[in-house]
Amino acid sequence: MVRTLPHPSSDSPWSRLDATRIAGNSLAIAVHVVVLGLLALPLSWSPPLAERRPETTVVVYEPVPPRDIPVTVAPPERLPQPDPRPVNTPIRITTTPTPAASDAPVFEQGEIFSPPASDTGPEETSFDPGEPSLATLAYDVAPPPRYPRIAARAGLEGTVTLRVLVDATGRPVEVVIERSSGHRELDRAARDQVLAQWRFHPAQRDGRAVPAYGLVPVVFKLP
276 MVRTLPHPSS DSPWSRLDAT RIAGNSLAIA VHVVVLGLLA LPLSWSPPLA ERRPETTVVV
336 YEPVPPRDIP VTVAPPERLP QPDPRPVNTP IRITTTPTPA ASDAPVFEQG EIFSPPASDT
396 GPEETSFDPG EPSLATLAYD VAPPPRYPRI AARAGLEGTV TLRVLVDATG RPVEVVIERS
456 SGHRELDRAA RDQVLAQWRF HPAQRDGRAV PAYGLVPVVF KLP
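Here our numbering is used: position 51 in the sequence shown is 326, and no number is missing along the way.
Structure (structure tokens):
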């Protein structure tokens with residue numbers, strides 16, 4: 276005896292379901308889910324930025340040449356003037372000796388024979404300028420010395436007083452430091468410049484040029 280399973284009748288609720296429609300709707304839903312997932316992803320992808328290394332800047336140092344700093348020359352110091360009052364000088368009395376009698380023959384006309392005079396040349400005059408003394412000397416050529424570079428960088432200033440021996444032509448022949456500025460570089464620059472480049476009006480005695488000493492101040496001052 277064979278038993279057969281009962282077939283669902285048309286009145287059962289399961290008979291109303293369509294398997295094909297359910298499968299199609301499930302596929303459509305799955306496709307939409309995939310599309311929405313793709314839309315949620317970023318549209319473009321770029322690799323992460325590499326870490327920027329600090330840039331190295333090369334600085335080129337060019338030293339600036341020092342400027343020529345002008346040096347002012349102070350006027351010469353005034354020296355004491357000689358006393359204009361007359362000085363009593365002793366009076367020297369000279370006696371002229373009586374000429375001796377001449378043995379020259381006397382001519383008839385009353386003339387006296389005279390031997391020919393020898394040519395002794397022009398009359399010589401002696402002038403002794405004496406020892407050089409301190410005098411006020413006027414400048415003829417006085418270019419200021421260049422400021423020493425070391426002294427300018429260190430900010431050194433001062434006044435150098437020089438004792439200058441000037442010959443009869445106005446040329447300095449000896450320069451010594453009478454009073455220092457306190458800085459060796461400034462003293463040396465002033466002495467070398469005066470000895471090599473400066474010229475003076477020579478001192479006068481009895482209308483003639485004579486050697487003399489003069490005190491020359493040289494001022495070093497930064498602007």
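Built from N, CA and C at the ideal position, the CB exists for glycine as well.
Please report the Cβ distance between residue i and residue j, rounded to the nearest whole angstrom; I am assuming they are in contact, meaning their Cβ atoms lie under 8 angstroms.
i           : j           : result
residue 466 : residue 450 : 5 angstroms
residue 482 : residue 412 : Going by Cβ atoms, the distance from residue 482 to residue 412 rounds to 17 angstroms, so no, they are not a contact pair.
residue 441 : residue 487 : 6 angstroms
When you compare only the Cα positions, how much space is there between residue i and residue j?
i           : j           : result
residue 460 : residue 446 : 24 angstroms
residue 478 : residue 495 : 27 angstroms
residue 462 : residue 430 : 15 angstroms
residue 304 : residue 298 : 10 angstroms
residue 342 : residue 409 : 37 angstroms
residue 475 : residue 428 : 32 angstroms
residue 456 : residue 401 : 43 angstroms
residue 458 : residue 433 : 8 angstroms
residue 312 : residue 300 : 18 angstroms
Taking only three categories from DSSP, how would you classify residue i?
i           : result
residue 408 : strand
residue 348 : coil
residue 460 : helix
residue 417 : coil
residue 446 : coil
residue 466 : helix
Terminal residues of the continuous alpha helix (DSSP H) containing residue i?
i           : result
residue 428 : 424-429
Return the chain-ordered list of same chain residues with a C-beta closer than 7 angstroms to the C-beta of residue i, the five sequence neighbours on each side being excluded.
i           : result
residue 470 : 447, 450
residue 454 : 436
residue 438 : 451, 453, 488, 490
Along the chain, where does the beta strand (DSSP E) containing residue i start, and where does it finish?
i           : result
residue 433 : 433-441
residue 489 : 487-495
residue 342 : Taken as a continuous stretch (DSSP letters only), residue 342 belongs to no beta strand (DSSP E), as it is neither H nor E.
residue 475 : 474-476
For residue i, collect the residues of the same chain with a Cβ closer than 8 angstroms to its Cβ; drop the 5 residues on either side in sequence, then sort them by chain order.
i           : result
residue 485 : 404, 405, 407, 443, 477, 478, 479
residue 294 : none
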